[in-house]
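Residue numbers (the numbering used here), protein chains in the order written: chain Z, 1 to 115; chain B, 116 to 230; chain Y, 231 to 345; chain L, 346 to 460. What follows is a single structure, written as structure tokens, with notes after it.
4 protein chains.
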Amino acid sequence: MDPTDREAACFEAGIKFGTLYHQFAGTPVSPDSAASLERAMAEAIENQPFCESVTVDVLEDVLADELAEQSADYAELTGRFVEVEMRIEYEGTTVRTRMAMDGDYPLMEVVDVAD
Amino acid sequence: MDPTDREAACFEAGIKFGTLYHQFAGTPVSPDSAASLERAMAEAIENQPFCESVTVDVLEDVLADELAEQSADYAELTGRFVEVEMRIEYEGTTVRTRMAMDGDYPLMEVVDVAD
Amino acid sequence: MDPTDREAACFEAGIKFGTLYHQFAGTPVSPDSAASLERAMAEAIENQPFCESVTVDVLEDVLADELAEQSADYAELTGRFVEVEMRIEYEGTTVRTRMAMDGDYPLMEVVDVAD
Amino acid sequence: MDPTDREAACFEAGIKFGTLYHQFAGTPVSPDSAASLERAMAEAIENQPFCESVTVDVLEDVLADELAEQSADYAELTGRFVEVEMRIEYEGTTVRTRMAMDGDYPLMEVVDVAD
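Structure representation (structure tokens):
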């Protein structure tokens with residue numbers, strides 16, 4: 001059957017997460033450039049339909065630890081280095097989502113769905 | 116409240132679509148390379164959790180028309196040149212989705228949700 | 231034979247341009263998010279080796295014209311919407327490069343090579 | 346001064362490497378999907394100007410070792426998992442390049458420049 005508004009809202013929320021991750025994964029990032037990347041990622045995704053709010057937090061401690069163990073002084077952005085929260089508003093439904101590491105996997109999940 | 120299985124299934128479906136689009140948007144594509152790109156896109160996304168089936172169709176006629184009007188003999192992949200269908204299976208729920216142009220916008224939509 | 235320092239410097243300059251373009255092509259962009267994207271693109275690429283300076287200019291007039299003709303209120307970043315200048319320093323050689331539209335093609339070119 | 350043909354050829358070679366890496370970094374990849382990704386990457390980049398030949402080798406042993414140590418059964422494509430060779434032909438100059446790991450860094454380098 002057709003999706004309900006809540007289901008369509010969750011679909012929209014998923015699109016935003018896949019977009020954010022795969023548009024920016026691989027971006028060269030360092031402690032110095034973390035702040036500009038956080039802001040650009042958030043504002044880029046907020047352009048998409050139904051996307052009310054995006055917060056991106058590059059985990060500078062985790063990034064610094066990684067850089068201390070490698071030869072280059074920057075890394076490629078991947079899920080270990082970032083936490084994200086988003087709020088989607090679709091036809092009266094609000095979906096709150098987040099991404100954070102679950103063990104070794106960057107888990108994207110729906111935190112709350114509310115009419 | 117927490118998402119239902121159907122809502123979580125739709126969230127997962129959205130993730131796959133955002134991933135597919137933003138991982139591969141911008142890829143140089145021509146009629147000669149369309150088939151290999153279709154296959155790689157489908158197989159890449161099928162790696163993701165709960166993603167049972169992906170079909171990617173590069174619209175070679177639309178692509179050829181675009182190439183006839185421009186100087187380069189390849190284009191960057193974007194929504195005008197591709198149609199996609201996916202099937203997600205999550206905890207007993209099947210979500211069918213597709214992407215196709217809706218006027219000038221590449222619309223990703225849930226076609227069917229079934230327990 | 232092995233590349234000269236000047237040739238290696240030009241190779242490095244090319245890497246940065248390919249990186250910048252294909253990392254960020256497809257990013258949702260609007261007049262409101264243009265400034266944060268410009269800064270993030272520049273700072274991301276400046277992380278790479280031998281890359282001394284990057285300037286990214288999202289062409290807000292061109293972007294606004296495009297948005298006026300389409301249904302969505304954002305676009306995907308592509309070469310029409312951006313001009314870039316970079317300076318690479320490699321083993322005493324300075325390479326200046328730029329990207330701008332050449333007719334309908336976003337041409338990346340070496341402007342100057344100096345020992 | 347303006348670049349020589351050899352320098353311009355090296356610049357073109359660099360563009361192709363940056364494109365290949367940052368277009369496809371982050372792509373979900375598994376041993377089952379490695380072959381289709383190799384082919385799509387090669388054919389996509391061969392579309393670009395002056396790019397005569399691209400060979401992409403996903404290192405399935407390295408990939409399998411990584412998958413054995415993590416929870417997910419796929420990885421995101423990054424430099425550890427891939428070796429690349431390219432041949433660029435520009436105005437009579439042939440540039441051969443490759444990418445392979447140099448310690449922990451995916452090094453792109455010019456192997457040979459020949460008139």
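For each residue, glycine too, the CB sits at the ideal point set by N, CA and C.
Task: Assumed close pair Z/Ala8, B/Val225 - CB separation to whole angstroms, cut-off 8 Å - done: 6 Å
Open item on the list: Does L/Asp480 come out as helix, strand or coil in the three-state DSSP assignment?
Closed with: Residue 480 of chain L lies beyond the residue range present for chain L, which begins at 346 and ends at 460; the question has no answer from this structure.
Task: Under 9 Å between C-beta atoms of Z/Gly18 and B/Leu135 - done: yes
Task: CB contact below 9 Å: B/Asp180 versus chain Y - done: no
- [ ] Could you tell me whether any non-hydrogen atom of the ligand MG is closer than 8 Å to the CB of B/Phe132?
- [x] As for the ligand MG, it is missing from this structure, which has no ligand bound.
Task: Candidates L/Glu357, L/Leu422 and L/Val374, of which the one nearest L/Asn392 by Cα - done: L/Glu357
Open item on the list: Quick check for students: name the residue ranges of the beta strand (DSSP E) that lie wholly in the segment 431-458 of chain L, counting only runs of 3 or more.
Closed with: 438-447
Open item on the list: Just verifying my parser: in three-state terms, what is the DSSP assignment at Y/Glu237?
Closed with: helix
Open item on the list: Looking at the secondary structure, which residues open and close the alpha helix (DSSP H) in which Z/Asp61 lies?
Closed with: Glu60 to Ala68
TODO: Check whether the Cβ atoms of Y/Thr323 and Y/Asp235 lie closer than 9 Å to each other.
DONE: yes
TODO: Using a Cβ-Cβ cut-off of less than 9 Å, give me the residues of the segment 420-442 of chain L that come near chain Z, in sequence order.
DONE: Glu421, Leu422, Thr423 and Gly424
Open item on the list: When you compare the CB of L/Phe356 with every CB in chain B, is at least one pair closer than 9 Å?
Closed with: no
TODO: For Z/Met41, decide whether its Cβ has a neighbour in chain B, counting only Cβ atoms nearer than 9 Å.
DONE: no
Open item on the list: Under 7 Å, CB to CB, which of the residues in the segment 250-271 of chain Y have a partner in chain B?
Closed with: His252, Ala255 and Gly256
Open item on the list: Rounded to whole angstroms, what is the Cα-Cα separation between B/Thr142 and Y/Phe254?
Closed with: 12 Å
Task: Distance CB(Z/Glu38)-CB(Y/Leu267) smaller than 9 Å - done: no
Open item on the list: Distance check for B/Met214 and Y/Glu321, CA to CA, integer angstroms please.
Closed with: 49 Å
Open item on the list: Residues in the same chain with beta-carbon distance under 6 Å from L/Asp457, minus the five sequence neighbours each way, listed in chain order, please.
Closed with: Arg441
- [ ] Pick helix, strand or coil for Y/Thr257, following the three-state DSSP scheme.
- [x] coil
Open item on the list: For L/Tyr450, count the other beta carbons within 10 Å of its own beta carbon; 16 or more makes it buried, fewer makes it exposed. Which is it?
Closed with: exposed
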